[in-house]
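One structure below.
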Amino acid sequence: MCATCGCGSDGVRVTLVGAGTETHQHAHDHPHEHPHSQAHDSAAGIRTHTLELEEAVLARNDDLAAHNRAWLDERGVTVVNLMSSPGSGKTTLLEKTIAGSTRPVSVIEGDQETLYDAQRIRAAGARAVQVNTGSGCHLDAVMVRRALDELAPEHGSLVVVENVGNLVCPALFDLGETRRVVVCSVTEGDDKPLKYPHMFGSADLVVLNKTDLLPYVDFDVERFESDLRKLQVGIEIIPVSARTGAGLDDWQEWLTNV
Amino acid sequence: MHELAIAESVVDTVLRRTEGRPVSVVRLRIGRLSGVVPDALSFAFEVAAVGTPLQGSTLELEQPQGEAKCRDCGERFVLHDLILLCPCGSADVEVVAGRELAVASVEVS
Chain A
64 MCATCGCGSD GVRVTLVGAG TETHQHAHDH PHEHPHSQAH DSAAGIRTHT
114 LELEEAVLAR NDDLAAHNRA WLDERGVTVV NLMSSPGSGK TTLLEKTIAG
164 STRPVSVIEG DQETLYDAQR IRAAGARAVQ VNTGSGCHLD AVMVRRALDE
214 LAPEHGSLVV VENVGNLVCP ALFDLGETRR VVVCSVTEGD DKPLKYPHMF
264 GSADLVVLNK TDLLPYVDFD VERFESDLRK LQVGIEIIPV SARTGAGLDD
314 WQEWLTNV
Chain B
21 MHELAIAESV VDTVLRRTEG RPVSVVRLRI GRLSGVVPDA LSFAFEVAAV
71 GTPLQGSTLE LEQPQGEAKC RDCGERFVLH DLILLCPCGS ADVEVVAGRE
121 LAVASVEVS
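Just so you know, the protein sequences line up as chains A and B, in that order. The opening position of the first sequence corresponds to residue 64 in the numbering used here, with each subsequent residue numbered one higher. The opening position of the second sequence corresponds to residue 21 in the numbering used here, with each subsequent residue numbered one higher.
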């Protein structure tokens, strides 16, 4: 697959869920050719010369992310990139977010397989596009571009991207989002920030979920917050329980002000 | 395993810039704070290069160390990990090097 531009037979599927028949969208219109010549012979005797390239490896993704950002700005659309390990409660948090939001919300769901999460979002009352990455471990700017084309978010609305559950890879890929939010649940352990510093270090906000379970697990909230501040001294942290609703007002307020 | 996606981006970048000419060496600058594992990237590069003019080429990695600048005392210091702490005790520091992820140059014939 071509993970940089997301094209070709890369196994990525983009599905608008709940539109009667689920439509699959694969097409993209940018030209993309890989010259495939014979492998060269690097044996001695062949004169070579150095070509300075000095190009960022992720330049293409970053360019596309910038394009997404400009497109979203023009429409007054706010995008929150929600990242976490699998099972932290992102989808439950989103279900509650949709129910309590004062502005329209739509969701781009990223998972390797299934339409489960998009169906849950749809049932919660919001429009949802499912991106299935196949073997891919993160969303990139092209996948989000394709999903935005399917989603066509309305002016002034909020789009939440629920990234593939993974505390490593998604940190490196700019999607064109307005803000990055990392969700961590108390059942995962208080040691996660320093174990996954790239992810937590790139967050604009950390939501600590499942706080209703704090009496039952060995999770030291002070240590968690102190470790986060070693990565980002001014990081904002909002404790919530998506299940009981505790702290969700603070979360909604944060979203309103993004 | 984002190193595969990174390796594919490297191959795409080199192919676009060298227009199909045979490539014998690819030099990357991968900062020690970039979040990319050099061994995993080298492995993924071999796979990503198959069937292209980069197949069999040598991957050379320069790995600049992390450096930070303290916003409180102004000191510039080496950063071994992403724990942003200046020797002066301040955590208000800015990473100024070590996040590089670039194709520096290639050897073409």
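Virtual Cβ for every residue (Gly too), placed ideally from N, Cα, C.
Note the first and the last residue of the continuous alpha helix (DSSP H) segment covering residue i.
i: A191(A); result: Not the alpha helix (DSSP H): A191(A) falls in the beta strand (DSSP E), residues R190 to N195.
i: R123(A); result: A122 to E137
i: I184(A); result: Y179 to A186
i: E251(A); result: No alpha helix (DSSP H) holds E251(A); DSSP gives it neither H nor E.
i: R37(B); result: H22 to T38
i: T319(A); result: L311 to N320
i: L61(B); result: P58 to A69
If distances are taken between C-alpha atoms only, which option among the options comes closest to residue i?
i: P78(B); options: V57(B), V113(B) and R47(B); result: A small fix is needed here, since residue 78(B) is Thr in this sequence, not Pro. With distances taken between Cα atoms, T78(B) lies closest to R47(B).
i: F263(A); options: L145(A), P278(A), A189(A) and V224(A); result: L145(A)
i: R76(A); options: P167(A), L202(A), E118(A) and L114(A); result: L202(A)
i: P233(A); options: A210(A), A266(A), E118(A) and V80(A); result: A266(A)
i: E63(A); options: R286(A), A189(A) and V227(A); result: This structure leaves residue 63(A) out entirely; chain A is present only between 64 and 321.
i: E87(B); options: P73(B), L121(B) and G51(B); result: G51(B)
i: E39(B); options: R96(B), L24(B), T72(B) and E114(B); result: T72(B)
i: A117(B); options: Q85(B), V45(B), V43(B) and S44(B); result: Q85(B)
i: A210(A); options: V231(A), L238(A) and T250(A); result: L238(A)
Is it buried or exposed for residue i, if we count other Cβ within 10 angstroms and need 16 for buried?
i: H112(A); result: exposed
i: E115(A); result: exposed
i: V123(B); result: buried
i: D290(A); result: buried
i: S198(A); result: exposed
i: R185(A); result: buried
i: H261(A); result: buried
i: H22(B); result: buried
i: C200(A); result: buried
i: E176(A); result: exposed
i: D312(A); result: exposed
Taking residue i as part of the beta strand (DSSP E), name the residues at either end of that continuous run.
i: G264(A); result: Run containing G264(A): none in the beta strand (DSSP E); it sits in the alpha helix (DSSP H), P260 to G264.
i: I171(A); result: V168 to D174
i: T78(B); result: T78 to E82
Per DSSP, what kind of secondary structure is residue i in: helix, strand or coil?
i: P107(B); result: coil
i: D203(A); result: coil
i: H100(B); result: coil
i: S289(A); result: helix
i: R52(B); result: coil
i: R208(A); result: helix
i: V280(A); result: coil
i: C232(A); result: helix
i: A162(A); result: helix
i: L156(A); result: helix
i: L74(B); result: coil
May I ask you to list the residues that DSSP assigns as paired with residue i?
i: P302(A); result: L271(A)
i: A117(B); result: E87(B)
i: G150(A); result: BP columns for G150(A) are empty, so no partner.
i: S125(B); result: E115(A) and R47(B)
i: L221(A); result: T141(A) and V168(A)
i: R243(A); result: N144(A)
Chain C partners of residue i, CB-CB under 8 angstroms?
i: E127(B); result: The chain inventory of the structure shown lacks chain C, comprising the protein chains A and B.
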